Amino acid sequence: MSAPTHPPVRTDTVRLTVSQAVVRFLARQHTERDGVRQRLFAGCLGIFGHGNVAGLGQALLQAEIDEPGALPYVLGRNEQAMVHTAVAYARAKDRLQTWALSTSVGPGSTNMLTGAALATINRLPVLLLPADTFATRAAGSLLQELELPASGDVTVNDAFRPVSRYFDRIWRPEQLPGALLSAMRVLTDPAETGAVTLCFPQDVQAEAFDWPVELFAERTWHVGRPLPEPAALARAVEVIRSARRPLVVAGGGVIYAHATEALDAFATATGIPVAQTQAGKGALPFDHPRSVGAIGSTGTTAANALARDADVVIGIGTRYQDFTTASRTAFSDPAVRFVNVNVASPDVVKHAGVAVQADAREALTALTAALAGWSADDAHLSRTAELAAAWEATVEAAYHPEVPSAGEGGRLTQNEVIGLVNEVSAPRDVVVCAAGSMPGDLHKMWRVRDPKGYHVEYGYSCMGYEIPGGLGIAMADPDRDVFVMIGDGSYLMMPTELVTAVQENVKIIVVLVQNHGFASIGALSEQLGSQRFGTRYRSRAGNGRLEGDVLPVDLAANAASLGVDVLTAQDGPGLEAALRKAKASDRTTVVHVETDPLVDAPSSESWWDVPVSEVSTLPSTQDARVVYEQWKARQHPYLTPSERGSARS
């Protein structure tokens, strides 16, 4: 009996270092959705140190010389900021493109942890390539090496495990192909994506290996559109048809799935009003007949009034973040039911909703067809229009108060600043924010006109995101002007990527609002009975407390020192002129304006659960506790009885 024959094993190989192999592999990855193919990685952001300069640094240099444009390198100034830039880029590109990031060992690596958490929480893809200690342990204890007496294989990079969607450490070259393919799988999966971390010991980075040439073939990762399962769709349709006061909550998934036109068609056909989360703002333009604006703790009175009375809530592409549900007080009907449309299984079962795990665009199209001939009651439509009109009048009054510049000392209010930026910006321009009082004010009041016109990071609400995030958006779509709205508190945490914007000749417009402290937390502190303690930028007074003079900090001069143009404004006409000049310029410009932090935006008539001290000697805290307990009593478990239709029924 003859021996079985087998096809010959391919032995074509190419000898490269591990770092050179990584760069060559990343340059050949693509994504495809709806027939549109694009490179997965726009490039590599990095800061070099002894852990990566001779490994990935050498590989990126070699690629730049041998294969220009394959994986462009951009020098960042702060590792956390680099992650923010990549995350913002990925969001602007609907999660179909992102950046890789290279850092040195030790603090260079761990500086990315906050950014990694932000990416994973917001479910946005970014590839982190932190350097690590020697795999051979030939040198040690190494500078910047963690020594644990009970474990020899733990490094500081293990801190990335809980904040990454995928984590691996490449101890040997043979591990690289499997790790890279697993990383790409997670980065290109809309339901699983987030921060992907591949750690590279610095000696392994420079080690050579004979790689199969197939590893470097062009590879396309197809991003599909999962269809709704017919039985799940039927259950959802049954619940929606039973509704008398339905409400849609549109999240970021609507925008990532390019489902805005499908949502328009669904809302128009059914008459169901649409409220929007922070990530979902822009799912419908502000003046759409069915749009009621923002929902939740930072929402409009229109959306929140409809939410209180809703008997069916249709969540589309939302994870029901705490602000969206106003800490589970937004939906007050005792028998409220939920229909959840999402690609991610953890989100479709929230609030015991009827689960439709599917692509938002495909699910909306199917729901519209299945609900043909059905519409919300005329009374519901009329109430929706009245509430929306009333809120627009409120916004108009905030943008244009009867007494302009009515703040302390004639300073502009933050409401006026937002209004002027909104009116000067073009419909396709992008507003960017992340933390402080402005995200809530923008969510309520910004009149969004384009699905990509609103970019507020409120999954993690990370101070310092704004400028590097604006940089990423401008790099992703240079045809739009990017208006970065930032308070002095966030600015002081991370202004450094202004230097990167100058280096890369990328234009952003930074509206720097100087209110001498933390306006958002100051207002919250006052609301909770803590009297704005520790939130003002003041010198220490003779009594030892931080309640002396305003600090003599010149943020305009600071910005100018980083190489950008700076304009200052004192009043409304001056701010408008500065904004128009910045928009006409082709350079990054910081527009500095002082505001009165004590003038709030219009109330959302909603709540956010921040516990108040149960006992206190301060009357302000005692009063705040009474209010807290009143709201706490209104929290709802949102557990629909199973006989009424549960998530898996």
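One point on numbering: in UniProt numbering, the residue at position 356 of the sequence shown is 356, and numbering is uninterrupted. Note that beta-carbon positions come from the ideal geometry of N, C-alpha and C, so glycine has one too. Please read all numbers here as calculations on a predicted model, not as lab measurements.
query: Pull the bridge partners of residue 340 from the DSSP assignment, please.; result: 315, 355
query: Assign residue 553 to one of two classes, buried (16 or more other C-beta atoms within 10 Å of its C-beta) or exposed (fewer than that).; result: exposed
query: Does the distance from the CB of residue 594 to the CB of residue 570 come in under 9 Å?; result: yes
query: Could you please give me the residues that DSSP links to residue 167 through a beta bridge?; result: 197
query: Taking just the CA atoms, how far does residue 346 sit from residue 100?; result: 27 Å
query: In terms of residue numbering, what span does the beta strand (DSSP E) encompassing residue 32 cover?; result: 29 to 33
query: In angstroms with no decimal places, state the Cα-to-Cα distance between residue 536 and residue 516.; result: 6 Å
query: Report all residues from its chain with a CB closer than 7 Å to the CB of residue 717; omit the five preceding and five following residues, and keep chain order.; result: The shown model of the chain, from 1 to 649, leaves out residue 717, and the question about it has no answer.
query: In angstroms, rounded to a whole number, what distance separates the CA positions of residue 572 and residue 411?; result: 9 Å
query: Tell me, to the nearest whole angstrom, how far the beta carbon of residue 510 is from that of residue 550; I am working on the premise that it is less than 8 Å.; result: Wrong, their Cβ atoms sit about 22 Å apart, outside the cutoff.
query: Quick one: grab the DSSP three-state call for residue 321.; result: coil
query: By the three-class DSSP mapping on this structure, what secondary structure does residue 503 have?; result: helix
query: Along the chain, where does the beta strand (DSSP E) containing residue 132 start, and where does it finish?; result: 126 to 132
query: Where does residue 630 land, buried or exposed, given buried means 16+ other C-beta within 10 angstroms?; result: exposed
query: Give every residue of the same chain whose Cβ lies closer than 6 Å to the Cβ of residue 575, excluding the five residues on either side of it in the sequence, and list them in chain order.; result: 420, 569, 593
query: When you compare the segment 152 to 167 with the segment 211 to 227, are there three or more beta-carbon pairs, one atom per stretch, that lie closer than 8 Å?; result: no
query: Name the two residues that bound the continuous alpha helix (DSSP H) containing residue 383.; result: 378 to 399
query: Leaving out five residues before and five after residue 245 in sequence, what residues of the same chain have Cβ atoms less than 7 Å from its Cβ?; result: 309, 310, 311, 380
query: By the three-class DSSP mapping on this structure, what secondary structure does residue 277 have?; result: coil
query: Just mark residue 543 as buried or exposed, buried being the case when its beta carbon has 16 or more other beta carbons within 10 Å.; result: exposed
query: For the alpha helix (DSSP H) that residue 222 lies in, which residues bound it at each end?; result: Unbroken run through residue 222 is the beta strand (DSSP E), 219 to 222; no alpha helix (DSSP H).
query: Just list the alpha helix (DSSP H) runs in the segment 454 to 508, keeping only unbroken ones of 4 residues or longer that don't cross its boundaries, in chain order.; result: 466 to 476, 488 to 493, 497 to 503
query: Give me whichever residues DSSP pairs with residue 538 in a beta bridge.; result: 550
query: By how many angstroms is the C-alpha of residue 95 removed from the C-alpha of residue 124?; result: 6 Å
query: If you drop the 5 nearest sequence neighbours on each side, which residues of the same chain put their C-beta closer than 6 Å to that of residue 291?; result: 274, 284
query: Let's test the definition: count the other Cβ atoms within 10 Å of the Cβ of residue 374 and tell me whether it reaches 16, buried, or not, exposed.; result: exposed
query: Does DSSP put residue 207 in a helix, a strand or coil?; result: coil
query: Within 8 Å, do at least three Cβ pairs link the segment 189 to 209 to the segment 159 to 166?; result: yes
query: Would residue 297 be called buried (16 or more neighbouring beta carbons within 10 Å of its own) or exposed?; result: buried
query: Start and end of the alpha helix (DSSP H) containing residue 655?; result: Here the chain has residues from 1 to 649 only, and residue 655 is not among them.
query: State the start and end residues of the unbroken beta strand (DSSP E) segment that holds residue 596.; result: 589 to 596
query: Do you know how far the Cα of residue 601 is from the Cα of residue 437?; result: 9 Å
query: Can you list, in chain order, the residues of its chain whose CB lies under 7 Å from that of residue 113, leaving out five sequence neighbours each side?; result: 159, 160, 163
query: Run through DSSP, which three-state label would residue 43 get?; result: strand
query: Going by alpha carbons, who is nearest to residue 489 out of 476, 482, 322, 512?; result: 512
query: So, under 8 Å CB-CB, residue 362 and residue 225 are touching, yes? Tell me the CB distance rounded to an integer number of Å.; result: 5 Å
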